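J.: Here it is: the structure, laid out below.
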C-alpha cells in the first residue's frame, strides 16, 4: 500500500516501465477493437490485461480480496494520471461491460461475502463480461412497471419476459436483471435483482439497429431461463433499492461531456474545424458571424461544464459523491455533447450529411454517426426529463407532484 | 348601412372630412393625456367624441340601439383604415376603460335587454368608464379561489372584500366584479358577476406603484359596498362562464405585439436605433456581430408574429375568432415585445439604464420604463403559463393533468 | 393554412390522399432499403406527373398549368409529410424556375414541356464547397466562337443521378466571390467530359457530385446574358428556398403530429405522458412555433406569386424559420419518443435524417439570417 | 462554492451574517427612497472598512491583508445578495487593482493606504460613449514639461459621486480605436477643470459623468509608461470583470433563493406552485445554470490569484456567464412571482434593476463573447 502520494507515484512509474508493452502505446481504440473481433486480444494486450489484473489495477479502488488493489480515490487518480503519461490504457472496464462501472460497485454494497468472492474477481480481471436487463418495451422511464417474472421453483428461479436496451447482451456472460418476484405487491415492492448466466438455453438476444446504424444494444428474451437461488442480489422484493443505487452509479459514469464518437476533422478543436470548413475573414474571424457567436456560447458552456466537474470534485476532495450533483452534470454533459454534434454537422455543411462512401472522409462519416447515436444520451440512463424531476425533488426539495416521476 | 365596401368607404371619407377637426390630427397621445388631466378633453376633442358617439363609431360593430353603428367587421376595418389615413383617432375605447373592449361585448352576450340599454350607450359614447374587479391578493392565476363576498340583502347585494390589479379603478364610474355568492358550492360554482357603482361610500381605491413607476393599477376595497339586484350579469352563481368569456375578449385585445410604451430613438426602426447606438463596420453591418445575429432572429420572430395575425384573420375572413388562436398570439406577442425591450435596452448601453434626469433623453427614459412595465405582459390577462395550459388542453387536446391549471 | 382558392383546396386534398394511401413513409423506407438506383420510385414520379404536379409552375403555353408557387408549396408540404422522394422539387420546382427566370423563349419551348411530361429532369448546380455560397462560383466557362468550355466541379447536386440536364452556375469572368462574371449554363447530362458520382447521404436521396472537364456547350445553352447570371441566380435561389421551405414544413408538421399522437397514447407512470405538464407545455411551444412558421412559409410563396418587393426578404425569412422549426421538431420527435425513437425500425430517425439536408440546402439558417439582415440594411 | 481555506470560510460566514443582519435589501431600499447623497450609506461603508474588506486586495505593506481576488469575490457575492451599496467593488476592488497593476511604488504608497482606511475612493473612468469600448478612448491628454493636460468626457463612472481620485484612460497619441497611445492617469477629483454630474439610474447607485476641460496632472499622476496604457488597462478590466461577476453571482443567487422559496410557499389551484412540473423543471434548469455559472465565476478569480495564462479567457467567460445567468434569473424572478413581483413594494424589481447595469459594466455578454472568441483565435 502506498505510504504517501509521492512514493506511490514512483511505485506506479516503475511498475508501468516494467509491465506496459510499448506496442500498446496510445492505442486504446485498437485494443478494444481487437478485443471484440474474432481474434481477440493480441498477445501483448492479453499479457497487459493479466498484469493489470494481478496488480488489481483493473478496478483499483476495490478491495484486494475481490481482485482490486485497495487504492484510495487519490491514489487511483495518481495511477490513472501516470498511465495516461505513458500512453497506457486500462482495457478491463471495457472488457467487463457493465461490470466495473455499475454491477461491481453495487455487488460491493449489496452482495453477500460469497457473492463478492464469486463475481467480483472475474469482473476485476476483465474475464467476465456483464450486461444489465432493466428496461422493457413498455417500461421506459417508468422502470417500475416492468413485467419480466421470476418464479420461485424451490431450488432456482424460472424467468420469463423480455428486456430491451440490454447493451452488449449478445457478448456477455452474465446479466443483472430486474425481475418481478411478487405480482401482488405494489409496483416497486415486488421487484428483485437477479444475476443470470447468459449462456443457457432459455436466453436469446437480438441486436437492435439504431438510427446511427449498428449498435451495442439488444433485445433479450427470457423463455424459462434459470437463475440460481444464491444469485439474488440484495433482499427479495427489494430490488428497487438495489437498482436505484445502480442507476446512481450509471449517472456517475455519464457526467463527463465526452466527445460523441467521431471527431470533426483530424483531432482539430471545434473552432479549428470550423475555420477549416467555414473559412475566416481578413481579421482571422470565422466568416459566418452568426455561427461564430453560437459556437462561442457553446464553447463557453462546454468549459463551464468541465469546470463544474472539477469544482465539485475539488469540493468533495477528489471524489464526486454519488449524489444529486450527478444529475446536474449528466444533463449538462448531454446538452454540451449534443450541441457540439449539431454545431459540427452544421459547420461541415454537405460533408456533414454523408452516410457512407468515398466522398466523405472516415472522420466525417464517424461524426455523422456520432451525431445520430448521441441523441440517445438524453434518453438512456434516466432521461433528461427524469433528471430534472430528480433535481427539482431531491436537490431543491420541491414537493412531488400528484403525478409520479 | 353601407351597401358595399366602396360606397361605405366614400361615405366614411366624406363623414371624416366633415367632422374630424384638423387640430387633432395625429395626436392620439395628446388627446388621451388631456382626457385624464384636470382640464379634460379640449373643446375640439370633446366635439369629436360627441360626433363619433352620435355616428356610433365609438364602438362601431355594436348594434345601433346600444350606441354602436351596427357595422360588419369588414366595414369596421374600412372605417379604421380611413381614420388612420387622415390621422384620426377614436378616443372612446380609451375613455371607457375596460368598457368597449371587454365589458361591452360580454354585456351584449349575457346582459338582459334592460341591462344593455342601461349600460352600453354610456360606454359607446365614452362617457362612462369601467374597471374590472377580478384578481385578489391570494387568487392570481387561480382566479376561482377568490373570496370577495356578495350577500343577498333582499333588495340589493352587500359586497365585502378586496380586489387587486383593478386597472383605472381610481377614475372609473363602474366596476365589473367577480364575487362569491355561494360559499358552500364548489370553487367555480358559487361565483357571480356583479356590476357595481364606484362612487359610493363602501368603495375605496388605492393606486399601486410598480417597478416601472406609477401605474394605472389599483387595489380596490369593498366595505359593505352596495350592488343593485338588477346589476347581476348572467345567471346567479354562474359568473365563471361570464368571466371566461370576458377573459377571451381580453386575450383578444392583447394579441398584437404593440410596442411597449416608449420608443428607442425618435421613431427609428429597431435596426436603425441599433446602428445609432452601436455603430456599423465598413460593410454597413452592425459592429456588434453577436447582437446583429440576435437582432435578426428577433426581427424574424416579430415578422412571423405579425404575419400570423394577418394569416389567421385572412383564414377567418376578416375576424379573428375569439378562440384558441388568441392564446398563441398572446404569448407570441408577449415574447416579441419583451424581447424587443431587452434588445433595445442592451443596444442603448449606458443610455438604457437611466431612471430620470437630463442626462437621458425623454425617449430613452420612456424606453427603460416601458421595458420594466412590459414585464407585466406575461403575467396579466392569463399568464404565459396559463396560456400554455390552454393551448395544450383546448387546442391540442392533451388530457388535463391530475393537477389543475 | 392560408385562405386557399377552391382549386388549391382540391389539390391539397388530392395530394394528401395520394401520399397517405399511395406513398406513405413506408414506401420511402422500402426505397431506401432496396437502394433504388435513382433514389426515388419511378412509379411514384409517374403518378405525380399524371396528376399534373410537374406542370404546376409551368405556364399553359409550355404544357403546364401555371398555378404558381403557393400551389406547388401545398403539394410539396404533403410529399414532405411522408418523405416521398421524387424530382418534384428539384426539377419541376427549381429546374422549371431556372428556365422561367433566366431562359429565352426558345430555351423554354425546348425544355419546359419535357419537365412537365417527365422526359426531362432539370436540376440546379451551384455549390462547389461544403457550404452554400453562390458568389463563390469558380467552375470556369471559357468562351470561344462555338460557345463555352466548362471545367470544374459541382457538389451535392439534387437529383443529380436522375438529371437529364443541369443548370450550372459558371464563372465567365472575375474572381470567386464576385457577383459579376457569373453565367448560367444549361448542360445536357450526357455531354462528353461531364461525369457524375452518386452520393450516399443520411437522407438516402439522389445527390451527385459533378465533374466537368472541357465540357462544350453551344450558345444556345447560355441562359440569359454572359457575366450577368448572379441576378437571375439570386431570384432562382429565392424560389428554391421558398419551395424547399414548404417541403420542410410538411416534414416538420408530420413530426409534430407523430409526437402529439404519442403524447396522447404512450402511458408511463400510470398516465398518458401528454398529461405531464412539462410535456404539455413543450407541445404548446412547438404548436406555437409551427403556427408562426407556417405564416412565413406561406407568406414567401404568396409574395413570389404576387411578385412583391419584399419577396427576397420573405424567402430568407421562410427558409430560416422553417429550418429552425424542422431542426427543433426533429430533435423533439426523437427525444419525446425516447428509446423507440432511436431505433431504425421506427420512422423518427428518417425525419431527423431528412431534416438536416433540407436545412443545409440553398443556405442554412445562419446564411439566411445574415442575408435577411443585409436586405434590411444592417 | 470552491474548496475554501479556513480563513475564506470565516470571512464568508462573517460577510453573510453582516449583510443579512446589518445591511439587508431593506436598507438599500431606504437609501434609495431617501435619495442618499453618495448613493450608499456611509455607516455601512465604514463598517466594511472596519471589517477589513477594503484591504482584501491590498498587500500588507500598504496596510491591507493581501488575501486576493477569490476572497474579495466571496465578500462581493454576499453584498450582491442584499444589493448593499458601497465603493467596495469600485474602489477597494477596481481602484486598488489599477494601482497594483499600473502604479509605481511611490504611487501605491501614496494612494493604497487611503483606499484601505477609506479616506480615498479611487475609481476607474474608461468609457466615453454608451457602450463599453476601451480602445475607443479619445479624451485627450497633451504632454508638456509639467505633465499632462486633459480635455474630454467620461461617462457612467462608478461611484463617481463619492470618488476622491479617478484613474482615467486618456489618449496621448494615435486615434480612437488604436490600442497604442492610451495612457492611464491618476487625477485628484478636486483638480481644477474637472466637473462631475451625478446620474439617476435604474439601480439607484452612484454613477457620475465627468467633464475635463484643461485639467492639469503632474508627472507623478501618470500610471506606467506614456502611450502604453492599453496592456495594463486590459489587465485591470479583466479583474473588474471577475469581481463584478462575483457581485452579479450573489445578486442572481439571492434571486434564485427568493424564487425557490416562493415556489415552496405560494399556493395556487390548491397546491404549492412548485409542485407544478413545468415550474419544477424551470427551477431545475435555473439551478443547473447557477451551478455551472458559479464554476466560471470562481474559476476566473482563482486564475487571477494564480496568475494563470488563461486568466483573460476565464474573465470573459465569467463575465458572460454570470451576465447571462443574472439576466435570465432576474426575469424569472419577476415572472414566477407574478403580479406581486411587478410591484415596487416587493424587492424583485430592485434585483432586476440592478442586474442590467451589472451586465453592461465593463462589457456586456456580447462584448465578452466576442473577446473570448478572439482570445481563442477564431
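Residue numbers (the working numbering), protein chains in the order written: chain A, 138 to 542; chain B, 138 to 542; chain C, 3 to 380; chain D, 3 to 380.
All C-beta atoms in this analysis are idealised placements derived from N, C-alpha and C, irrespective of residue type, glycine included.
Keep in mind it's a predicted model, so treat the numbers as computed, not measured.
1. With DSSP run on the structure shown, which of helix, strand or coil describes residue 145 of chain C?
2. Short of 8 angstroms in beta carbon distance, which residues of its chain neighbour residue 285 of chain D, apart from the five on each side in sequence? Order them along the chain.
3. Terminal residues of the continuous beta strand (DSSP E) containing residue 363 of chain B?
4. At 3 residues or longer, what runs of the beta strand (DSSP E) sit wholly inside the stretch 454–522 of chain B?
5. Please name the residue or residues paired with residue 289 of chain A in a DSSP beta bridge.
6. On the premise that residue 165 of chain D lies in contact with residue 124 of chain D, defined as a C-beta separation below 8 angstroms, what is that separation, rounded to the nearest angstrom?
7. Between residue 240 of chain D and residue 358 of chain D, what straight-line distance do the alpha-carbon atoms span, to the nearest angstrom?
8. Name, please, each residue of chain B whose Cβ falls closer than 9 angstroms to the Cβ of residue 33 of chain D.
9. Given that a residue counts as buried once 16 or more other Cβ atoms are within 10 Å of its Cβ, and exposed if not, what is residue 150 of chain D?
10. Does DSSP put residue 122 of chain D in a helix, a strand or coil?
11. Inspect the CB distances between the stretch 433–442 of chain A and the stretch 288–299 of chain D and report whether three or more fall short of 8 angstroms.
12. Anything in chain D within Cβ reach of residue 279 of chain C, meaning under 8 angstroms, just list it in chain order.
13. CA-CA distance, residue 376 of chain C and residue 407 of chain B?
14. Got a sec: is the Cβ-Cβ distance from residue 356 of chain C to anything in chain A below 8 angstroms?
15. Of all the residues that make up the stretch 520–535 of chain B, which are near chain C by a beta-carbon distance shorter than 9 angstroms?
16. Answer with buried or exposed for residue 283 of chain D, where buried requires no fewer than 16 other C-beta atoms within 10 angstroms of its C-beta.
17. What distance in whole Å lies between the Cβ atoms of residue 252 of chain C and residue 321 of chain C, which are believed to be in contact at a cut-off of 8 angstroms?
18. Report the residue from B/262, B/469 and B/174 whose alpha carbon sits nearest the alpha carbon of residue 236 of chain B.
19. Distance, Cα to Cα, residue 60 of chain C vs residue 220 of chain B?
20. If you follow the beta strand (DSSP E) that residue 188 of chain C is part of, which residue opens it and which one closes it?
21. Starting from residue 231 of chain B, trace the alpha helix (DSSP H) both ways and give me its first and last residue.
22. Using the C-alpha atoms, what's the distance from residue 238 of chain B back to residue 202 of chain B?
23. Using a Cβ-Cβ cut-off of 6 angstroms (strictly less than) and excluding sequence neighbours within five positions of residue 105 of chain C, which residues of its own chain qualify?
24. Write down the C-beta distance between residue 30 of chain D and residue 86 of chain D rounded to the nearest angstrom, noting that I regard them as a contact closer than 8 angstroms.
25. Indicate the three-state DSSP secondary structure (helix, strand or coil) for residue 267 of chain A in the structure shown.
26. What in chain C is Cβ-close to residue 415 of chain A, meaning under 8 angstroms?
27. Would you call the stretch 346–354 of chain D in contact with the stretch 23–39 of chain D, where contact means no fewer than 3 C-beta pairs closer than 8 angstroms?
28. Going along the stretch 321–333 of chain C in order, which residues come within less than 9 angstroms of chain D, judged by CB to CB distance?
29. Does DSSP classify residue 160 of chain D as helix, strand or coil?
30. Measure the alpha-carbon distance for residue 293 of chain B versus residue 361 of chain B and round it to whole angstroms.
31. Can a CB atom of chain D be found closer than 8 angstroms to the CB of residue 435 of chain A?
32. Tell me where the alpha helix (DSSP H) around residue 333 of chain C begins and ends.
33. Compute the Euclidean distance between the alpha carbons of residue 377 of chain B and residue 324 of chain B, then round it to the nearest angstrom.
34. Show which residues of chain A have a CB atom less than 7 angstroms away from the CB atom of residue 157 of chain C.
35. Under 8 angstroms between the Cβ atoms of residue 310 of chain B and residue 336 of chain B?
36. If I follow the unbroken beta strand (DSSP E) through residue 342 of chain A, where does it start and stop?
T.: Answer, in terms of the structure:
1. strand
2. 261, 262, 265 and 276
3. Unbroken beta strand (DSSP E) run through residue 363 of chain B: 355–365.
4. 491–493
5. A/294
6. 7 angstroms
7. In this model, residue 240 of chain D and residue 358 of chain D are separated by some 19 angstroms (Cα to Cα).
8. By Cβ distance, chain B contributes nothing, its closest Cβ being about 14 angstroms from residue 33 of chain D, past 9 angstroms.
9. buried
10. coil
11. Output reads yes: the stretch 288–299 of chain D touches the stretch 433–442 of chain A.
12. 278, 279 and 280
13. 14 angstroms
14. no
15. 522, 524, 525, 526, 527, 528, 529, 530, 532, 533, 534 and 535
16. By the 10 Å Cβ count, residue 283 of chain D comes out buried.
17. With 8 angstroms as the limit, residue 321 of chain C and residue 252 of chain C do not qualify as a contact, their Cβ atoms being about 15 angstroms apart.
18. Considering only alpha carbons, the answer is B/262.
19. Put simply, the backbone Cα of residue 60 of chain C is about 43 angstroms away from that of residue 220 of chain B.
20. 184–190
21. 229–232
22. 18 angstroms
23. 225
24. 6 angstroms
25. strand
26. In chain order: 133.
27. yes
28. none
29. coil
30. Using only the alpha carbons, I get a separation of about 11 angstroms.
31. no
32. First-last of the alpha helix (DSSP H) with residue 333 of chain C: 313–339.
33. 10 angstroms
34. 487
35. yes
36. 340–344
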